[in-house]
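Asks: Got a structure here, written out as structure tokens. Questions coming.
Right under this line is the structure:
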């Protein structure tokens, strides 16, 4: 067998193993909507931890982080800071959110908006915006999968073929097993990812330079500016760093799938303890940076930085190990992609289509529609992944700029009595429009600041002003508040 | 809705200041520590320090929660 055949066999073996675990997981549960989306709210500390790690450590952390270390340098460090601070932030509002979620039977992020603000239109708008900005995140995972198979096969298997096969497998286990499948495949994914990160993070610098310290000594000598901000970029200096870290750490749990995972926990305290220990999981990320930095010295001039991790692994290790790395990477893409698909589909069916167009739809019909949407979304993301090629980190940042616009509505909803439906609606529309305008007219970064952050500031100001200018509204627990059916 | 305690918020401000707002103070390559550029070393140290601090914040929150339950049924 040739090297690439060995690597590909191992990659597909790992993907199949992951899919088998997904199909087996929870096969004894009857899959109604509540089981499919929040697993009956029965996950304890470890499963919630796995689920949250499963959705956060995506192919972005794997190929994208190395890719940015390779092509941008210093600005990549924002990833460490935002993950850490995202958990710090979550410590404060997740338990509260969980509590209102349980009291009101919430399963999704728009459910929160429906109940807090008493408007199905606001909830529907949140569902659509969430749905739209999840697509680049799914696209990111598919692009990653394509890269893995292409590099592992030495360009023998085309990216499109690889992506189509993965989408088919992915849909199969999402459609049959829902959120339980995702949590259990995470076990395989996280153990593989951990082993791989340690081996390549230490191995690549060691094989090529004799150690991590030596590699940095060489790099600091050759390109001292690369290791600082703005690194190899013109615009990503300290203002960009601060605004991006704030945007992404605030937006961390605004992703509809992360928001939804809050409701799978058994108690609010589970979430609080989780927030304390999660930063430790980030320890493997610097190892991935080491690989990207080594690649810059050994194989400079790659057209796309996202290829750097696998290309240098292919150069430094035997073919079977490239297979293990590729397989780990593939599962690291598939687990979050599954969760993203599940969430986007549920948002569409449950919070957009039913309340606004077909209020008489029964739960099992909603579940059926959601499953159809899984296929629709994966095909959409597949289309974008084959027709455009921004870097993995860019895709993630686009998504973050969008979903973080939910933040004022969530935070004020929890802690500020005076906030109103009209205020949140106005702020969010202006926020999303600002993101779209700045991104499409290529004004990101905007005067050195992350465009999503600029939009978030505008959004917050408008939410506050309009809320104060409109009549006060009844809150969560107040008698007389109109109850929107979820 | 129960608001988080001020003590816990103050503790949480420490990592925010250390890894975000103060970037221009530590974004440098030298002195290298343990073979790492200084900025990377700084961030990695905070990966360890943040959970320690937040564990302290957790103790505070839990203590506050049980204290207020003792007083008046846990509301506000």
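Protein chains in written order, with this note's numbering: chain A, 135 to 620; chain B, 248 to 323. Just so it is clear, CB atoms sit at the ideal spot from N, CA and C, and this is done for glycine as well. In this text, all values refer to a predicted model and were calculated from it rather than measured experimentally.
Do residue 481(A) and residue 511(A) have their C-beta atoms within less than 8 Å of each other?
Replies: Stepping through the first chain from its first residue, residue 481(A) is reached at position 347. Stepping through the first chain from its first residue, residue 511(A) is reached at position 377. No.
Asks: Tell me the DSSP secondary structure of residue 397(A) in three-state form.
Replies: As a first step, residue 397(A) must be located in the first chain, where it is residue number 263. Coil, per DSSP.
Asks: Please look up how many angstroms separate the CB atoms of residue 204(A) and residue 463(A), rounded, as I've assumed it's under 8 Å.
Replies: Residue 204(A) sits at position 70 when you count from the first residue of the first chain. Residue 463(A) sits at position 329 when you count from the first residue of the first chain. Wrong, their Cβ atoms sit about 16 Å apart, outside the cutoff.
Asks: Between 199(A), 589(A), 600(A), 232(A), which has its C-alpha nearest residue 402(A)'s C-alpha?
Replies: On the first chain, residue 402(A) is found 268 positions in, with the first residue counted as 1. Residue 402(A) has its Cα closest to that of 232(A), out of 199(A), 589(A), 600(A), 232(A).
Asks: Can you have a look at residue 605(A) and say buried or exposed, based on whether 16 or more other CB atoms are within 10 angstroms of its CB?
Replies: Taking the first residue of the first chain as 1, we reach residue 605(A) at position 471. Residue 605(A) comes out exposed.
Asks: Under a Cβ-count criterion, where at least 16 other Cβ atoms within 10 Å of its own Cβ denotes burial, should residue 243(A) be classed as buried or exposed?
Replies: The residue given as residue 243(A) occupies position 109 in the first chain. So residue 243(A) counts as buried.
Asks: Along the chain, which unbroken stretches of the alpha helix (DSSP H) at least 4 residues long are found entirely within the region 251–292 of chain B?
Replies: Segments of the alpha helix (DSSP H) lying fully in the region 251–292 of chain B: 253–263, 270–273.
Asks: Spatial neighbours of residue 319(B) within its chain, please: CB distance less than 6 Å, with the 5 preceding and 5 following residues excluded, ordered by chain position.
Replies: Here residue 319(B) refers to the residue found at position 72 of the second chain. Confidence is the limiting factor: at residue 319(B) the pLDDT is only 48, short of 50, which leaves the residue's position unreliable, though a coordinate-based value still follows. Around residue 319(B): no qualifying Cβ.
Asks: Does the region 406–421 of chain A come within contact of the region 288–308 of chain B, defined as at least 3 CB pairs closer than 8 Å?
Replies: The answer is yes - the region 288–308 of chain B touches the region 406–421 of chain A, with three or more Cβ pairs under 8 Å.
Asks: Which of the three DSSP states is assigned to residue 95(A) in this structure?
Replies: Look at the range of chain A in this structure, 135 to 620, and you will see that residue 95(A) is not part of it.
Asks: Over what stretch of residues does the alpha helix (DSSP H) that includes residue 517(A) continue unbroken?
Replies: For the purposes of this step, residue 517(A) is identified with residue 383 of the first chain, where counting begins at 1. Residues 497–521.
Asks: Would you mind telling me which residues of chain A sit closer than 7 Å to residue 298(B), beta carbon to beta carbon, in chain order?
Replies: Taking the first residue of the second chain as position 1, residue 298(B) is located at position 51. Simply 410, 411, 413, 414.
Asks: On a Cα-Cα basis, can you pick out the residue from 293(A), 443(A), 434(A), 576(A) that is closest to residue 330(A)?
Replies: Translated into positions along the first chain, residue 330(A) becomes position 196. Nearest C-alpha to residue 330(A): 443(A).
Asks: Which residues of chain B have a Cβ atom closer than 9 Å to the Cβ of residue 214(A), listed in chain order?
Replies: Here the question's residue 214(A) lines up with position 80 in the first chain. What residue 214(A) touches in chain B: 266, 287, 290, 291, 293, 294.
Asks: Would residue 271(B) pass as an interface residue toward chain A - the criterion being a Cβ-Cβ separation below 8 Å?
Replies: Along the second chain, one-based indexing puts residue 271(B) at 24. Cβ-Cβ to chain A under 8 Å: yes for residue 271(B).
Asks: Going by beta carbon distance, what residues of the same chain come within less than 7 Å of residue 372(A), once the five residues before and after it are set aside?
Replies: Position 238 of the first chain holds residue 372(A). Within the same chain, residue 372(A) has close Cβ partners 363.
Asks: Taking the continuous alpha helix (DSSP H) assigned at residue 549(A), which residues delimit it?
Replies: Your numbering for residue 549(A) matches position 415 in the first chain. Residues 541–549.
Asks: Report the neighbours of residue 304(B) on chain A: residues whose CB is nearer than 7 Å to its CB, in chain order.
Replies: For the purposes of this step, residue 304(B) is taken as residue 57 along the second chain, with counting starting at 1. Under the 7 Å cutoff, chain A gives 225.
Asks: Does any CB atom of chain B fall closer than 8 Å to the CB of residue 354(A)?
Replies: Walking along the first chain from the start, residue 354(A) turns up at place 220. Cβ-Cβ to chain B under 8 Å: yes for residue 354(A).
Asks: State the CB to CB distance for the pair residue 218(A) and residue 266(B), rounded to an integer number of angstroms; the pair is presumed to be in contact (CB under 8 Å).
Replies: Translated into the one-based positions of the first chain, residue 218(A) becomes position 84. Translated into the one-based positions of the second chain, residue 266(B) becomes position 19. The Cβ separation is near 6 Å, so the contact holds.
Asks: Give me the chain B residues within the contact set of residue 417(A), using Cβ-Cβ distance strictly less than 7 Å, ordered along the chain.
Replies: Within the first chain, numbered from 1, the residue matching residue 417(A) stands at position 283. Here the neighbours are 294.
Asks: Kindly list the residues whose CB is nearer than 6 Å to the CB of residue 430(A), restricted to its own chain and excluding five residues on each side of it in sequence; keep chain order.
Replies: If you number the first chain from 1, residue 430(A) lands on position 296. Correct list, in chain order: 204.
Asks: Run through chain B and tell me which residues come within less than 8 Å of residue 406(A), C-beta to C-beta.
Replies: Looking up residue 406(A) in the first chain gives position 272. What residue 406(A) touches in chain B: 305, 308.
Asks: Can you name the residues of chain A whose CB is closer than 8 Å to the CB of residue 276(B)?
Replies: Here residue 276(B) corresponds to residue number 29 of the second chain, with the count starting at 1. Residues of chain A passing the Cβ test: 354, 358, 361, 362.
Asks: On a Cα-Cα basis, can you pick out the residue from 282(B), 281(B), 289(B), 254(B) that is closest to residue 271(B)?
Replies: The residue you call residue 271(B) lines up with position 24 of the second chain. For the residues 282(B), 281(B), 289(B), 254(B), the minimum Cα distance to residue 271(B) belongs to 289(B).
Asks: Run through chain A and tell me which residues come within less than 7 Å of residue 283(B), C-beta to C-beta.
Replies: Along the second chain, one-based indexing puts residue 283(B) at 36. Result: 350.
Asks: Can you tell me which of the three DSSP states residue 100(A) falls into?
Replies: A query on residue 100(A) cannot be resolved here, the shown segment of chain A reaching from 135 to 620 and no further.
Asks: With distances taken from CA atoms, which of 222(A), 396(A), 210(A), 598(A) is nearest residue 295(B)?
Replies: Locating residue 295(B) in the second chain gives position 48, counting from the first residue. Of 222(A), 396(A), 210(A), 598(A), the residue nearest in Cα terms is 222(A).
Asks: Go ahead and pull the three-state DSSP assignment for residue 202(A).
Replies: For the purposes of this step, residue 202(A) is identified with residue 68 of the first chain, where counting begins at 1. The answer is helix: DSSP assigns residue 202(A) an H, G or I state.
Asks: DSSP state of residue 610(A), grouped into three classes?
Replies: Counted from its first residue, the first chain places residue 610(A) at position 476. Three-state DSSP puts residue 610(A) in coil, outside helix and strand.
Asks: What does the alpha-carbon distance come out to for the pair residue 445(A) and residue 497(A)?
Replies: Residue 445(A) sits at position 311 when you count from the first residue of the first chain. Residue 497(A) sits at position 363 when you count from the first residue of the first chain. Computed Cα separation, rounded: 48 Å.
Asks: With distances taken Cα to Cα, identify the nearest neighbour of residue 601(A) among 571(A), 555(A), 563(A).
Replies: By 1-based counting over the first chain, the position of residue 601(A) is 467. The shortest C-alpha separation from residue 601(A) is found at 555(A).
Asks: List the endpoints of the continuous alpha helix (DSSP H) containing residue 372(A).
Replies: Indexing the first chain from 1 puts residue 372(A) at position 238. First-last of the alpha helix (DSSP H) with residue 372(A): 372–385.
Asks: Closest Cβ-Cβ distance between residue 209(A) and chain B: below 8 Å?
Replies: As a working mapping, residue 209(A) is identified with position 75 in the first chain. By this cut-off, residue 209(A) is not an interface position.
Asks: In chain order, what residues of the same chain have a beta carbon less than 6 Å from the beta carbon of residue 504(A), not counting five sequence neighbours either side?
Replies: In the first chain, the residue the question calls residue 504(A) occupies position 370. Excluding positions up to five away in sequence, the list reads 479, 480, 483.
Asks: In terms of residues, what are the limits of the alpha helix (DSSP H) holding residue 404(A)?
Replies: In the first chain, residue 404(A) corresponds to position 270, counting from 1. Where residue 404(A) is concerned, the enclosing alpha helix (DSSP H) stretches over 402–411.
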